[in-house]
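**Q**
2 protein chains.
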Amino acid sequence: MEIRQLKTFRAVAEKLNFTRAAEDLHLAQSSVSAQIKLLEEDLGIRLFDRIGRRILLTEAGEKLLGYARRMEQMTDEIRGELSGSGDFSGTLTIRMPETIASEYMPEVVELFHDEYPKVRLEFINCDDARLREELNTGRIDMAFLMTDSVNFKNVTVEALKPERLVLTSAPSHPLAAKENILSADLQGQTVLHLRVD
Amino acid sequence: MEIRQLKTFRAVAEKLNFTRAAEDLHLAQSSVSAQIKLLEEDLGIRLFDRIGRRILLTEAGEKLLGYARRMEQMTDEIRGELSGSGDFSGTLTIRMPETIASEYMPEVVELFHDEYPKVRLEFINCDDARLREELNTGRIDMAFLMTDSVNFKNVTVEALKPERLVLTSAPSHPLAAKENILSADLQGQTVLHLRVD
DNA sequence: CGAAAACAATCGTTGGACGCGATTCAAATA
DNA sequence: TATTTGAATCGCGTCCAACGATTGTTTTCG
């Protein structure tokens with residue numbers, strides 16, 4: 166029996182739905198199934214009745230739910246009481262291109278806020294090339310860029326992931342018919358692309 | 166924060182000694198160190214003051230100890246309340262050679278008893294060859310053997326580990342001088358060996 | 001005072017646990 | 001009957017946790 170399992174159990178027991186619980190917990194549905202299965206095996210008793218695709222708490226499940234809630238309260242209490250200083254708060258100012266922001270940030274913000282609810286996130290659009298200065302003066306705390314390499318002094322840089330660069334056009338465009346496009350083919354074409362500072 | 170970590174923490178906090186705690190928990194000392202380190206990182210606060218090789222609870226540690234105890238009580242309560250049927254009791258009768266018993270059983274019995282305190286273990290010396298009958302009639306529940314292979318019907322057999330067979334003699338024995346001994350060398354010698362039923 | 005013992009921290013390795021995506025199978029719904 | 005919803009299962013990859021060995025330090029004892 167582990168706290169992680171009890172948290173998962175509580176989520177499932179309250180939603181009575183493995184898939185929703187998985188979303189809440191930022192887990193795959195299969196992982197939730199596996200955890201519940203482990204917990205049931207560990208306790209040696211079924212926690213849910215599976216009636217068709219619908220699930221109900223068994224009597225044992227009902228009892229456990231109460232304990233799980235108290236247990237979780239207690240962990241929160243522990244953190245509240247002990248970690249004091251470890252409980253970050255303040256504002257993080259982040260500069261990043263809108264394209265990245267709209268793609269990745271919704272999920273990242275949710276995850277981050279779950280862990281550090283007292284930290285406010287401030288995003289600024291990445292519309293100029295004065296990053297180095299901004300980072301050094303403390304106007305922004307961090308930035309996400311799409312670029313081949315960055316080499317700033319006094320700034321920590323980490324590559325997060327490669328991102329494919331894709332060529333897109335209207336279906337009616339002459340180049341759309343070609344199987345392969347060489348960079349030479351773009352000669353004289355008007356290209357709309359990301360600003361790379 | 167996981168229950169396992171809190172259990173480890175409690176053991177250390179009560180013994181004020183990592184090594185003893187590790188023994189109690191059937192863990193390596195390094196594992197205990199690692200768990201405590203993780204817990205301290207997770208909570209963002211030191212739990213022990215390390216004064217030389219001696220350790221003391223910090224203020225945070227004192228507080229946590231209370232919580233850890235309540236937490237553990239609660240898990241026991243959960244098991245007591247829920248697992249009902251999963252709580253095995255009764256007697257297991259096991260036949261095995263004394264050589265095996267004295268070598269492996271002390272630790273095995275301790276581990277087993279920690280997990281199933283209500284099960285009594287009964288050992289019988291392995292001094293006859295009527296194992297098959299004994300197993301089938303239910304006089305014994307299981308047996309440990311040292312042998313090359315066993316093939317009983319209605320009996321589940323599992324190989325646990327290979328065991329080296331070593332030749333030993335008094336230092337004064339003629340064969341003791343030889344670098345290598347062949348089985349032919351044993352011709353005519355009196356050999357004291359395990360009974361293999 | 002020097003030698004030995006006690007003990008926690010650290011390191012490298014490895015097996016197992018855990019998470020994931022894809023798939024399957026059953027049930028509910030259209 | 002077809003489609004959707006939802007949980008279980010499987011195979012795979014990765015990461016974590018336990019271990020043994022070692023180190024460095026402190027305490028104890030000869």
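Just so you know, the protein sequences line up as chains D and A, in that order. Heads up: take any position in the first sequence, counting from 1, add 165, and you land on the numbering used here. Heads up: take any position in the second sequence, counting from 1, add 165, and you land on the numbering used here. For every residue, glycine included, the Cβ atom is placed at its ideal position computed from N, Cα and C.
Are any of the Cβ atoms in chain A nearer than 8 Å to that of D/D362?
**A** As a first step, residue 362 of chain D must be located in the first sequence, where it is residue number 197. Low confidence applies to D/D362: its pLDDT is 37, below 50, so where it sits in the model is not reliable enough to give any reading.
**Q** Between which two residues does the alpha helix (DSSP H) harbouring D/R218 extend?
**A** In the first sequence, counting from the first residue as 1, residue 218 of chain D sits at position 53. Element bounds for D/R218: n/a, residue is neither H nor E.
**Q** I'd like to know whether the C-beta of A/Y281 is nearer than 8 Å to at least one C-beta of chain D.
**A** As a first step, residue 281 of chain A is located in the second sequence; it is residue number 116 there, counting from the start. Output row for A/Y281: interface = no.
**Q** Provide the residue(s) that pair with A/E287 in DSSP beta bridges, ordered along the chain.
**A** Numbered from 1 along the second sequence, position 122 holds the residue referred to as residue 287 of chain A. DSSP lists A/T258 as partners of A/E287.
**Q** If we ignore side chains and look at the alpha-carbon of each, how far apart do D/E323 and D/L257 end up?
**A** Sequence index remark: in the first sequence, residue 323 of chain D carries index 158 (1-based). Sequence index remark: in the first sequence, residue 257 of chain D carries index 92 (1-based). Taking the straight line joining both Cα atoms gives about 18 Å.
**Q** Just the Cα atoms here: how many angstroms apart are A/L222 and A/L229?
**A** As a working mapping, residue 222 of chain A is identified with position 57 in the second sequence. As a working mapping, residue 229 of chain A is identified with position 64 in the second sequence. If I take the Cα positions, the gap works out to 10 Å.
**Q** What is the DSSP secondary structure of D/Q354, counted as helix, strand or coil?
**A** Stepping through the first sequence from its first residue, residue 354 of chain D is reached at position 189. Coil at D/Q354, not helix or strand.
**Q** Between A/A176 and chain D, is the shortest Cβ-Cβ distance under 8 Å, so that the two count as touching?
**A** Within the second sequence, residue 176 of chain A is the residue found at index 11, counting from 1. No - not a single Cβ of chain D is within 8 Å of the one on A/A176.
**Q** Ends of the alpha helix (DSSP H) at D/E242?
**A** Start at 1 with the first residue of the first sequence, and residue 242 of chain D comes out as number 77. Where D/E242 is concerned, the enclosing alpha helix (DSSP H) stretches over 224–243.
**Q** Of all Cβ atoms in chain A, is any one closer than 8 Å to the Cβ of D/A225?
**A** Reading the first sequence from its first residue, position 60 is the one you call residue 225 of chain D. By this cut-off, D/A225 is an interface position.
**Q** Between A/G209 and A/L330, what straight-line distance do the alpha-carbon atoms span, to the nearest angstrom?
**A** Walking along the second sequence from the start, residue 209 of chain A turns up at place 44. Walking along the second sequence from the start, residue 330 of chain A turns up at place 165. Approximately 53 Å between the Cα atoms of the pair.
**Q** Would A/M166 pass as an interface residue toward chain D - the criterion being a Cβ-Cβ separation below 8 Å?
**A** Position 1 of the second sequence, counted from the start, is the residue given in the question as residue 166 of chain A. With 8 Å as the cut-off, A/M166 counts as an interface residue toward chain D.
**Q** Note the first and the last residue of the continuous alpha helix (DSSP H) segment covering D/S334.
**A** Counted from its first residue, the first sequence places residue 334 of chain D at position 169. Segment: none, D/S334 is in no alpha helix (DSSP H) and carries neither H nor E.
**Q** Am I right that A/E167 and D/R244 are in contact with their C-beta atoms under 8 Å? What's the rounded C-beta distance?
**A** Stepping through the second sequence from its first residue, residue 167 of chain A is reached at position 2. Stepping through the first sequence from its first residue, residue 244 of chain D is reached at position 79. That belief does not hold up - the Cβ atoms of A/E167 and D/R244 are roughly 13 Å apart, past 8 Å.
**Q** Under three-state DSSP, which class holds D/M270?
**A** In the first sequence, residue 270 of chain D corresponds to position 105, counting from 1. D/M270 falls in the helix class under three-state DSSP.
**Q** Taking D/K228 as the query, report the chain A residues whose CB atoms sit under 7 Å from its CB, ordered along the chain.
**A** Indexing the first sequence from 1 puts residue 228 of chain D at position 63. In chain order: E246, L247.
**Q** What would DSSP say about A/F213, mapped onto helix, strand or coil?
**A** Taking the second sequence and counting its residues from 1, the one referred to as residue 213 of chain A is at position 48. Strand, per DSSP.
**Q** Looking at C-alpha atoms only, which residue of A/E242, A/E179, A/R185, A/S337 is the closest neighbour of A/L212?
**A** In the second sequence, residue 212 of chain A corresponds to position 47, counting from 1. Nearest of A/E242, A/E179, A/R185, A/S337 to A/L212, Cα basis: A/E179.
**Q** With DSSP collapsed to three states, give me the class of A/A187.
**A** The residue labelled residue 187 of chain A in the question sits at position 22 within the second sequence. Helix, per DSSP.
**Q** By Cβ distance, which residues of its chain are closer than 6 Å to D/M160, with the 5 residues on each side in sequence left out?
**A** What is shown of chain D runs 166 to 362, which leaves residue 160 of chain D out entirely.
**Q** I need the boundaries of the alpha helix (DSSP H) containing A/E205, first residue and last residue.
**A** Here residue 205 of chain A refers to the residue found at position 40 of the second sequence. From DSSP, the alpha helix (DSSP H) with A/E205 extends over 194–208.
**Q** Alpha carbon to alpha carbon, what distance is there between A/S196 and D/L190?
**A** Translated into the one-based positions of the first sequence, residue 190 of chain D becomes position 25. Translated into the one-based positions of the second sequence, residue 196 of chain A becomes position 31. The alpha-carbon atoms of D/L190 and A/S196 are separated by roughly 29 Å.
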